[in-house]
Amino acid sequence: MQISTSRFGAVSLSVAEIWLFPCGLIGMEDQKHWMLLADGENERMGWLQSLSHSDTALPVVSPRDYCPDYDVHVKQADMLALELGDTHQALVLTTLSRNGSHLTVNLQAPLLVNKTCCLGRQILAANSLPLQLPAGTAPQTHKAAA
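Mapping of the sequence shown onto this note's numbering: position 18 corresponds to residue 38, and the numbering continues sequentially without gaps.
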């Protein structure tokens with residue numbers, strides 16, 4: 021299968037690479053099918069590419085790259101919705117945003133994906149975590165955050 025994206029051009033993918041977010045993402049509830057693409061310039065960052073909107077790609081990172089002791093408390097309802105027995109089955113990602121000349125990581129609303137069945141959900145962390153944790157200064161050549 022092949023999709024056309026505004027940021028990456030034509031991208032080939034298999035059905036197994038599609039992540040289903042049944043509730044969409046916050047502010048993008050209509051976008052339910054996504055895939056993770058590697059960033060060619062930064063191995064610590066990826067792009068969550070919408071399959072229904074070719075111009076929507078969100079920069080994502082592992083929260084532990086910026087907060088090594090990051091521990092999100094997941095509500096039981098979210099665990100059930102993701103068909104997770106425990107959080108070790110989940111891939112946890114956070115969105116990266118530009119705030120002026122700085123980058124921030126959203127620790128309060130992480131993305132959880134069940135690695136076994138590619139089922140995802142953006143959750144609101146049950147514990148008190150920052151919405152905009154400083155992640156450093158944005159390089160001049162950094163791709164604009166969607």
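Backbone N, C-alpha and C fix where the C-beta goes; we use that ideal spot for every residue, glycine too.
Nearest to Cys137 (by Cα), restricted to the options Leu123, Pro42, Thr25, Gly120 = The residue labelled residue 137 in the question sits at position 117 within the sequence shown. When only C-alpha atoms are compared, the closest one is Pro42.
What number of angstroms, rounded off, separates the C-alpha of Leu56 from the C-alpha of Ser121?
-> Sequence index remark: in the sequence shown, residue 56 carries index 36 (1-based). Sequence index remark: in the sequence shown, residue 121 carries index 101 (1-based). C-alpha separation (whole angstroms): 25 Å.
Nearest to Leu127 by CA position, among Pro83, Ser34, Gly60, Leu71, is which residue?
-> If you number the sequence shown from 1, residue 127 lands on position 107. Among Pro83, Ser34, Gly60, Leu71, the Cα nearest to that of Leu127 is on Pro83.
Just tell me which of Gly44, Leu113, Leu78, Val133 has its CA closest to the CA of Phe28.
-> As a first step, residue 28 is located in the sequence shown; it is residue number 8 there, counting from the start. Comparing Cα positions, the closest option is Leu78.
Using the rule of at least 16 other Cβ atoms within 10 Å of the residue's Cβ for burial, across every protein chain shown, is Gly66 buried or exposed?
-> Indexing the sequence shown from 1 puts residue 66 at position 46. That one is buried.
Beta-carbon spacing of Val133, Ala110 below 8 Å | Here residue 133 refers to the residue found at position 113 when the sequence shown is read from its first residue. Here residue 110 refers to the residue found at position 90 when the sequence shown is read from its first residue. Remark: C-beta atoms of Val133 and Ala110 approach each other more closely than 8 Å.
Can you name the residues that DSSP bridges to Ile46?
-> Translated into the one-based positions of the sequence shown, residue 46 becomes position 26. Residue pairing for Ile46: DSSP places it in no beta bridge.
For Leu116, which three-state DSSP category applies?
-> Along the sequence shown, one-based indexing puts residue 116 at 96. In this structure, DSSP gives Leu116 an extended state, which the three-state scheme calls strand.
Return the CA-CA distance between Leu139 and Leu102, expressed in angstroms with no decimal places.
-> Here residue 139 is taken as the residue at index 119 of the sequence shown, counted from 1. Here residue 102 is taken as the residue at index 82 of the sequence shown, counted from 1. Straight-line Cα distance between these residues: approximately 6 Å.
At what residues does the beta strand (DSSP E) containing Gln69 begin and finish?
-> Here residue 69 refers to the residue found at position 49 of the sequence shown. That run of the beta strand (DSSP E) goes 65 to 70.
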